[in-house]
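Protein chains in written order, with the numbering used here: chain V, 11 to 394; chain X, 120 to 588.
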């Protein structure tokens, strides 16, 4: 069953795929999005919900800024705000000698638009009196914030559909190839989808597809560790995250407007890739409880009412794969966001739409080129 | 089912068996294992053994068995005495919540301390909780579940209000109402959604246990003697009241079409029971949709083996058949485990226990026929009725995500609407929520899925500390 050819075929209905579909429609391209399960289920739907720019790789801030501008315009773009609250983000540390790192980041020219301010000592505890005594310093980003990840990708997909995109859920890809000038994607139900251009946004499963085009990526998978308390009166607008090199100290939290405190961090688990399920390690939850009491001592009276995990993909250099294929014309990638893709979602969608439609993008994405792994892979194969 | 395969254990001479729940099933399970030379660890959330139906009053309370357990006094005493004999010989850990698990490890909290208990075999005797159907106004203070109202009476000798209405369906409705009458409470009405005709139709199956049927009739007679109005075949419409004062009345449509408003300051609701399957779900045990009761239950074989090797289930948590069946099922699951461990087990004993359960199973079907789950009530809920009380989400909001966001599967609808995301973990709203989703999407309720279990099984205090062993 050969489907009518479209301009762009997207494989993977996460945040990146859905946003790309939407922005491609804005540029008048015909689009079909294929999703094996339902839109926004894995990394896109289960992450912490940080709409945070500070702390990112400096070379990523230009893209992140572009995304931030789109987050501000969501109601106008897609008709929903995804519960986005630009309520500020605070990156704190437990050691005096980590404060210079925060200062250096705040002083970097790339971070100029973030308006960061570093607090320490008495001033810090006056401004954020609820923080524990162990907190020694912090970098405050007034424009960052948080949103609801469960809503994001589905909302973009609905907006894309309203704008004329075709979204096929429960459609699993069996094979991808380029025949002549046309991409042919065969699904397990026997349909063949065809397009001039192909965008792979399949998250943890993307490298299976990129490998079919001779561009394997050493992608690893992990399950984030999340939990949430019962609701209490809204009092903590600032998202707080700990900057540390000690894995079990990593903890971050945000209070949503209806009162629940969402908590993430700690040591990630390995997901079950066969059943496509990821579980929270009970010890992670207990560790989070202890780390939260250190960071926010007043939280002791609350309860954890729910925990969850999901499936995220990680690259060896902790940077995503964004951009054109190094081997096949008309093929593009956006995956491997290493647990920090949520804020980038709208920006990546917009950039991919620009890149696919015009052949170039005004935002620098060269650090994320898939070819950086080709070198590693070639070296590895020579070594072995 | 892992019926044929043997269970391998880390230390073959002393398998580590953990039982969760010290009610009728857990107690008999422990007793049977101990008799075979296995000393189990028994984890129980309550401070005292007995479970729900045979809940023991706090230390120092002095009501006698007939006052506390009525017709079930002899059985309660027998179970408690059995437990008291076991108590010193097993590793009994009361006041302990099993909140999560991994393969081979049960995560427990006792008085703020977290411990991990290793197991080779897990016997889940977790019991059941009330099966609830929303009604407009049920979020008002003064609305309780039947089970909750019974606990108040049994444990603390307290009534939930000064003028109480019992509404819903099922045997517990009559049992708790008559217990309240006996305790001297003012019972304003018993409002049963099931019509009399259903009881007639269920008679052949109910006659499987004539003694219990007779007890049920006695309860009804007690209510009539106390001049408690009992209405059958009612349609609940609304619980009246306000946020300040709570419940002031309940309004229903009677079988004859007339409207009845009963003033009251408290209401106990319940439609029989739903199994506690969270731990089994977290362990990866399969569930199946039970056509008889119209709800998801654990998939177990006749002896209590779940689909996961080494995990067994007994009692109402496995199959809602009541306390007598729970005692037998607890014994049977223990025998199944012994057999899987390669221990000698009397086939005759296994067959006898299984046979006794056949009768109880027929009675279970009879109860489901006599007091059916009123699925249509969920579909008929007004848009402004709250479905999820923890998150305060209305039927209209839930229907909205089905209609506008295409969420025809319960976990998807949960993600979009928050129904089932609160501290009860969907225990009290997810079944009615599934009915609302099914009705709105035109998908049969068994096809809209079930809410996946998520830890913690019950809320986990942020004061919890790890025990360093």
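Heads up, the beta-carbon is just placed ideally off N, CA and C, and yes, glycines get one too.
Item                                                                                                                                   : Value
Anticipated Cβ contact below 8 angstroms, residue 177 (chain X) with residue 274 (chain X), distance rounded                           : 7 angstroms
Contiguous alpha helix (DSSP H) assignments of at least 4 residues, all confined to the segment 528-571 of chain X                     : 529-536 and 549-560
Own chain partners of residue 545 (chain X) with C-beta closer than 7 angstroms, once the 5 adjacent residues on each side are dropped : 539 and 570
Assumed close pair residue 324 (chain V), residue 216 (chain V) - CB separation to whole angstroms, cut-off 8 angstroms                : About 12 angstroms separates the two Cβ atoms, so there is no contact after all.
Sheet register partners of residue 65 (chain V) (DSSP bridge)                                                                          : Answer by DSSP bridge pairing: none, since residue 65 (chain V) is not bridged.
Among V:340, V:351 and V:91, the one whose alpha carbon lies nearest that of residue 365 (chain V)                                     : V:340
Contact list for residue 164 (chain V) against chain X, beta-carbon separation under 8 angstroms                                       : 524 and 535
Nearest-angstrom Cα separation, counted from residue 295 (chain V) out to residue 586 (chain X)                                        : 14 angstroms
Chain-ordered chain V contacts of residue 508 (chain X) [CB-CB under 8 angstroms]                                                      : Near residue 508 (chain X) there are no residues of chain V at all, since even the closest Cβ is about 13 angstroms away, more than 8 angstroms.
Residue 135 (chain V) (DSSP reduced to helix, strand or coil)                                                                          : helix
Beta bridge counterpart(s) of residue 318 (chain V) as assigned by DSSP                                                                : V:236
Any C-beta of chain X under 7 angstroms from that of residue 312 (chain V)                                                             : yes
Buried or exposed (CB count within 10 angstroms, at least 16 for buried), residue 199 (chain V)                                        : exposed
Which residues DSSP lists as bridging residue 20 (chain V), in chain order                                                             : V:43 and V:209
CA-to-CA distance, residue 553 (chain X) to residue 260 (chain V), given in whole angstroms                                            : 38 angstroms
Interface residues of chain V facing residue 217 (chain X) [CB-CB closer than 8 angstroms]                                             : Near residue 217 (chain X) there are no residues of chain V at all, since even the closest Cβ is about 11 angstroms away, more than 8 angstroms.
Bounding residues of the alpha helix (DSSP H) (the contiguous stretch that carries residue 10 (chain V))                               : Any property of residue 10 (chain V) remains undetermined from this structure, which presents chain V solely from 11 to 394.
CA-to-CA distance, residue 292 (chain X) to residue 372 (chain X), given in whole angstroms                                            : 18 angstroms
Presumed contact (8 angstroms Cβ cut-off) between residue 162 (chain X) and residue 217 (chain X), rounded CB distance                 : 5 angstroms
Continuous alpha helix (DSSP H) stretch holding residue 516 (chain X): start and end                                                   : 514-524
Same chain only: Cβ atoms within 7 angstroms of residue 121 (chain X), ignoring 5 sequence neighbours per side                         : Per-residue confidence for residue 121 (chain X) stands at a pLDDT of 41, beneath the threshold of 50, marking its modelled position as unreliable; the derived number appears in the next sentence. Cβ neighbours of residue 121 (chain X) beyond the five flanking positions: 424 and 428.
Chain V within 7 angstroms of residue 574 (chain X), Cβ atoms only                                                                     : yes
Minimum C-alpha distance to residue 65 (chain V) - residue among V:361, V:378, V:368 and V:353                                         : V:353
For residue 482 (chain X), three-class secondary structure by DSSP                                                                     : helix
Beta-carbon proximity check, residue 505 (chain X) vs residue 537 (chain X), cutoff 7 angstroms                                        : no
Contacts that residue 582 (chain X) makes with chain V (C-beta to C-beta distance below 7 angstroms)                                   : 310
Alpha-carbon spacing of residue 241 (chain V) relative to residue 158 (chain V), whole angstroms                                       : 15 angstroms
Contact residues within the segment 232-251 of chain X, judged by C-beta distance below 7 angstroms to chain V                         : 233
Chain X contact residues for residue 55 (chain V), given Cβ-Cβ distances below 9 angstroms                                             : 534
Simplified DSSP assignment, three categories, for residue 415 (chain X)                                                                : strand
Beta-carbon proximity of residue 139 (chain X) to residue 236 (chain X), cut-off 7 angstroms                                           : no
Simplified DSSP state of residue 578 (chain X), which is helix, strand or coil                                                         : coil
For residue 327 (chain V) and residue 105 (chain V), the rounded distance between their alpha carbons                                  : 25 angstroms
Cutoff 7 angstroms: residue 286 (chain V) Cβ touching any chain X Cβ                                                                   : no
Selection from X:290, X:394, X:142 and X:261 that minimises the alpha carbon distance to residue 572 (chain X)                         : X:394
Residue 362 (chain V) classed as buried or exposed, judged by whether at least 16 other C-beta atoms fall within 10 angstroms          : buried
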